[in-house]
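Working notes, structure below.
Residue numbers (the numbering used here): 4 to 138.
Next up, the structure:
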């Protein structure tokens, strides 16, 4: 059953984005839409001073806005390291987007709007596969 939009966390995320001053804000907004549209269960909030997405209270995808000239999407299996080996569960990455930081964490880097547009479908697919592997 799809969840209802407009939770306190989602309102906080909207407020955060309204106030955000970032050279790649347009790309961030486009990526937010791609991630949100990938799965209706995702709840958007703010973690680590960036948009973050959870399912059933478990963090799964978080933006890292600190890189110079890029945005990172961090795919993880929660806020704390755990024994879940998402890399093994997912197997080969058909999108070739994921850069593995650990067995339970991977990163996708995006450098500009063309990059976001070019990878949009693959990002959505990666979000769906990640949620399936971590559920």
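Cβ coordinates follow ideal geometry from the N, Cα and C atoms, glycine included.
- Residue 106 is not bridged by DSSP to any residue.
- Judged by DSSP in its simplified three-state form, residue 76 adopts strand.
- Residue state for residue 113 is assigned as strand, using DSSP reduced to three classes.
- Close CB contacts of residue 102 within its chain, under the 8 Å cut and outside five residues either way in sequence, are with 109, 110, 111, 112 (chain order).
- DSSP places residue 10 in no beta strand (DSSP E); its state is neither H nor E.
- In this structure, the CA atom of residue 25 is about 23 Å from the CA atom of residue 100.
- By the Cβ criterion, the stretch 65 to 81 is in contact with the stretch 39 to 55, since at least three pairs of Cβ atoms, one from each stretch, lie closer than 8 Å.
- Annotated three-state conformation of residue 47 is strand, per DSSP.
- Nearest in C-alpha terms to residue 126, of all of 12, 11, 33, is 33.
- Less than 8 Å separates the beta-carbon of residue 46 from that of residue 10.
- In the DSSP secondary-structure assignment, residue 52 is not bridged to any residue.
- Within a 10 Å sphere around the beta-carbon of residue 27 sit 16 or more other beta-carbons, which makes this residue buried.
- As computed with DSSP, residue 66 is found in a beta bridge with 76.
- When only Cα atoms are considered, residue 138 and residue 105 end up about 18 Å apart.
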